[in-house]
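Protein chains in written order, with my numbering: chain A, 2 to 877; chain B, 2 to 153.
So this is what it looks like as structure tokens:
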């Protein structure tokens with residue numbers, strides 16, 4: 002990467018810079034003409050004589066002549082602005098393209114860092130470099146060459162003009178330029194140094210903030226917020242001081258520049274005046290020189306601005322680039338991907354001979370290890386954390402390069418093979434695999450996305466390609482399909498889904514997945530219709546069972562179009578539906594205009610207001626009048642302590658005016674309260690007899706009103722409701738509130754029914770859509786590790802390497818061994834668990850970075866266990 | 002099925018005799034109605050429970066385990082309070098209660114009950130008074146029994 006800004010600009014935007022310069026030069030005569038024309042209009046057309054005049058062979062009288070000149074003037078003004086517009090766009094486009102190129106190059110550099118470097122740099126520092134710090138570079142690039150060329154040219158013309166008038170005065174006019182050219186860069190150098198400091202300080206701030214986000218639990222647990230506040234406060238103070246220093250110097254430069262600019266007129270008036278009086282110079286020439294000098298000021302100022310900008314931007318460029326342009330970067334070939342099948346490998350034997358390697362720190366090294374994993378070998382690398390176990394596995398996977406010795410796969414050095422060639426045969430899972438903030442499914446098929454499989458299909462594809470080519474960006478299209486189901490041994494995407502579910506069963510996550518699927522709101526994206534059909538089938542089965550079996554009828558209150566569901570809210574009962582957005586509660590709908598209209602037309606608005614008023618009255622009586630404290634209200638009351646006085650007022654109004662007399666806002670407030678009531682639980686209002694009939698009758702009208710609106714999901718026994726979880730869709734009813742433990746019994750019942758109808762897999766598939774949160778934060782550590790394992794297993798690797806994931810679960814290890822059986826597939830497992838080590842044919846015992854024994858568990862057992870005991874003794 | 006009816010049932014419980022109406026209504030609101038079919042157990046001997054039931058309708062049998070199997074020690078019905086010890090202290094249930102007909106009860110959660118007591122100290126005083134009465138009666142009974150035993 003170019004070390005200097007101008008090197009970068011020149012290398013990648015020569016053509017654009019020339020075009021911008023050409024456009025700038027082109028705009029100049031037009032600008033000049035549009036300034037010249039008004040003089041003609043005044044002198045020639047308005048106060049001129051000798052009409053008619055000739056223009057392009059036409060003879061024109063005074064008025065037509067004036068109009069013609071004015072039209073030409075108008076045309077020039079338009080043309081001038083069009084050119085300016087085009088120029089600005091061109092500058093913007095080339096600036097943005099260069100910025101894109103720069104950012105892409107920086108990101109590309111990150112992907113070529115060695116793993117050891119990632120232990121030293123933090124995301125908090127790198128992010129502002131690629132995002133904020135280079136932003137100014139893009140703005141500057143459009144101006145980089147055109148401005149100095151144009152302004153410099155203008156300046157030169159004026160200087161020559163002054164020299165032509167009088168060489169002596171010319172010399173006087175430029176006399177101070179050398180001084181300025183000497184002093185200003187000197188001052189500027191100091192500003193550059195400060196700017197560098199400021200950038201570094203901001204990076205530290207950014208790093209501290211990202212640390213705070215990551216360390217929040219520890220900060221609270223140790224009550225160190227004040228320390229962190231003080232620390233950040235100090236950083237901001239430093240920032241302020243640096244900025245103040247920069248300001249001071251910047252304005253000194255401005256001051257000096259202004260002063261030096263205004264000094265020459267002193268000479269013009271004094272020296273020039275004397276010359277005119279002595280008659281050695283004409284008065285007219287002096288005036289012309291003075292005018293020309295005045296015009297000098299503007300381009301000079303522009304040049305100075307440009308210079309200051311340049312130094313700021315180049316220091317930013319340098320401070321960014323020096324962090325990315327590292328000496329030990331991986332070669333491009335490592336990450337380029339494979340054109341064909343990759344380098345020819347004679348076999349799939351992984352071998353280390355006298356290898357020493359280090360991941361960076363003490364206790365993170367491998368010393369002089371010789372180990373061979375033949376095809377079909379089952380090797381346990383046994384050793385505690387810090388024994389070099391994990392580093393040995395990483396060296397085998399080609400992630401750490403040996404500093405001495407040879408690490409080979411199929412006879413070729415691992416460090417010479419591209420990642421693509423290694424990962425084709427070797428799947429590695431560390432003991433803390435990274436889980437991306439995506440769905441579980443995307444996380445496990447992640448390893449299948451090494452190459453783009455189809456061409457991009459959306460309408461932006463062509464433009465995307467062109468722009469990528471222009472800016473040296475990736476020509477791959479992320480919107481295309483990347484997932485390679487064939488690599489997972491599946492002939493169709495559907496088959497891949499099945500394989501995924503099998504693998505989740507293998508790693509023991511199948512019931513987790515099923516539970517997530519039941520709780521999820523989203524049907525799987527593939528094959529939706531079938532899924533929904535299946536769910537509806539289970540639903541009708543459940544409904545049949547509930548109708549036939551009293552035991553179930555006793556636990557579930559189904560949604561029935563002609564009956565009140567006492568275990569559901571009055572809101573759900575009235576709308577016979579719920580908000581389509583699962584995060585909205587049904588009582589939030591009470592204030593929606595369509596709902597209000599529907600309730601009014603259905604004739605239940607007043608009924609609901611009456612109910613709401615009753616609820617409000619009861620709440621006030623129960624909580625406010627008894628003097629219950631806020632925590633009690635918060636847990637049980639429908640009204641918060643803040644709402645209480647509000648509703649007291651509303652209630653007074655209600656009592657004096659009755660339901661119909663209230664304003665719409667008051668009415669909806671009461672309806673909202675009524676909507677929260679579950680009649681079977683809250684016992685404040687009974688929905689029976691006439692009231693129940695009215696509400697049931699209202700449902701039809703409400704449905705008519707809301708049917709076409711997307712914000713509401715209406716209940717229909719024959720329809721899937723997307724805002725309900727899969728489980729609630731299956732059930733299509735509510736657990737009875739007066740039956741303790743109904744939910745658990747129903748869960749068990751649903752599970753059985755779903756399994757009987759063969760839908761378990763489909764529901765688990767819905768669980769694959771579960772979004773795992775930042776770094777998999779919504780999953781347990783075990784779940785994350787096992788997802789990492791599935792990610793590796795789905796590739797059907799010839800060599801599987803994983804670290805400590807099966808520890809404590811020999812049954813899992815057994816299942817993995819079965820899965821990997823046949824085809825001479827190799828397994829290398831890092832473990833601290835003797836039970837796991839026992840299952841493997843060969844055990845390699847690691848201690849303090851060295852391989853101390855290799856052989857069957859029986860032969861190394863003594864050493865492995867003794868070693869552990871010895872270490873413990875030493876430690877104590 | 003209304004709050005008033007449930008409040009009424011609470012009022013008949015000796016433990017809540019001195020508690021004023023409003024607070025009983027609040028307790029009723031915070032409690033839940035539960036239904037049990039004949040044969041279902043409300044509580045099981047030996048379990049740790051956190052719910053007490055006031056029977057609103059139906060009947061239940063109180064059974065105690067003995068070497069010769071479950072023994073019926075009492076029958077409870079409307080307005081009886083079962084499992085109330087669980088509201089006050091953490092001890093295993095001393096008997097099994099099983100519904101002998103369809104039974105509706107008001108379930109009071111220990112946690113809710115404590116929240117009420119901490120909120121309203123006067124209510125706690127009333128409950129304490131009721132407990133003291135019961136203790137006094139039990140002590141007297143016990144004294145009389147002891148006298149009868151030593152006499153005989």
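Idealized CB from N, CA, C, for every residue including glycine. Remember, it's a predicted structure, so these values are computed and weren't measured experimentally.
query, result
"So which residues on chain A does residue 120/B lean against when the C-beta distance must stay under 7 Å?", "629, 630 and 633"
"Quick check for students: name the residue ranges of the alpha helix (DSSP H) that lie wholly in the region 321-374 of chain A, counting only runs of 4 or more.", "333-336"
"May I ask you to report which of helix, strand or coil DSSP gives residue 828/A?", "strand"
"Please list, in chain order, all residues of the same chain as residue 603/A whose beta carbon is under 7 Å from its beta carbon, the five residues on each side excluded.", "699, 702 and 703"
"Under 7 Å between the Cβ atoms of residue 94/B and residue 46/B?", "yes"
"So which residues of chain B does residue 693/A contact, with C-beta pairs closer than 9 Å?", "Residues of chain B passing the Cβ test: none, with the nearest at roughly 13 Å."
"Give the straight-line distance between the Cα atoms of residue 810/A and residue 840/A, rounded to the nearest whole angstrom.", "11 Å"
"Which term fits residue 614/A, buried or exposed, when burial requires 16 or more other beta carbons within 10 angstroms of its beta carbon?", "buried"
"Can you check DSSP and say which residues form a bridge with residue 35/B?", "106/B"
"Do residue 192/A and residue 243/A have their C-beta atoms closer together than 7 Å?", "no"
"On the DSSP bridge assignment, give the partners of residue 558/A in chain order.", "735/A"
"Let me confirm a value: residue 238/A is counted as buried when at least 16 other C-beta atoms fall within 10 Å, else exposed. Which label applies?", "exposed"
"How many angstroms separate the CA atom of residue 798/A from the CA atom of residue 502/A?", "18 Å"
"Can you give the beta carbon distance from residue 346/A to residue 410/A, rounded, assuming they're within the 8 Å contact cut?", "7 Å"
"Within 7 Å (strictly less), CB to CB, does residue 637/A reach chain D?", "Considering every chain present, this structure includes no chain D. Its protein chains are A and B."
"What number of angstroms, rounded off, separates the C-alpha of residue 271/A from the C-alpha of residue 202/A?", "51 Å"
"Could you tell me the alpha carbon to alpha carbon distance between residue 359/A and residue 387/A, rounded to whole angstroms?", "12 Å"
"Examine chain B for any beta-carbon lying closer than 7 Å to the beta-carbon of residue 684/A, and answer yes or no.", "yes"
"Give, in chain order, every unbroken run of the beta strand (DSSP E) that is at least 3 residues long and sits entirely within the region 530-575 of chain A.", "557-559"
"Which of helix, strand or coil does DSSP assign to residue 400/A?", "coil"
"Could you work out which residue in 224/A, 212/A, 253/A and 252/A is closest to residue 233/A when comparing CA atoms only?", "212/A"
"Whether or not the region 762-778 of chain A and the region 426-438 of chain A are in contact is what I'm after, with contact meaning three or more pairs of Cβ atoms, one per stretch, closer than 8 Å; do they touch?", "yes"
"Of all the CB atoms in chain A, is at least one closer than 7 Å to the CB of residue 4/B?", "yes"
"Could you check what DSSP says for residue 410/A in three-state terms: helix, strand or coil?", "strand"
"Buried or exposed: which applies to residue 223/A, given that a residue is buried once 16 or more other Cβ atoms fall within 10 Å of its Cβ?", "exposed"
"Kindly indicate which three-state DSSP category residue 2/A falls into: helix, strand or coil?", "coil"
"Put residue 42/B into one of helix, strand or coil per three-state DSSP.", "strand"
"Below 8 Å, how does it come out for the region 487-506 of chain A and the region 781-798 of chain A: are there three or more Cβ pairs, yes or no?", "yes"
"Quick one, which of 831/A, 823/A, 824/A and 819/A has its alpha-carbon nearest residue 807/A's?", "831/A"
"Which same chain residues end up closer than 7 Å to residue 421/A when comparing Cβ atoms and leaving out the 5 residues on each side of it in sequence?", "338, 339, 343 and 451"
"Closer than 8 Å, Cβ to Cβ, to anything on chain B: give me those residues from the region 548-577 of chain A, in chain order.", "555"
"Can you find the residues in the same chain that come closer than 8 Å, C-beta to C-beta, to residue 714/A, ignoring five residues on each side of it along the sequence?", "578, 579, 580, 581, 722, 723, 724 and 725"
"Roughly how many whole angstroms lie between the Cα atoms of residue 172/A and residue 294/A?", "12 Å"
"With respect to the beta strand (DSSP E) encompassing residue 466/A, which residues constitute its N-terminal and C-terminal limits?", "Segment 462-471 is the alpha helix (DSSP H) holding residue 466/A; no beta strand (DSSP E) there."
"Tell me the rounded alpha-carbon separation between residue 608/A and residue 206/A.", "59 Å"
"Kindly confirm or deny that the region 657-668 of chain A and the region 53-73 of chain B touch, where touching means at least three C-beta pairs closer than 8 Å.", "no"
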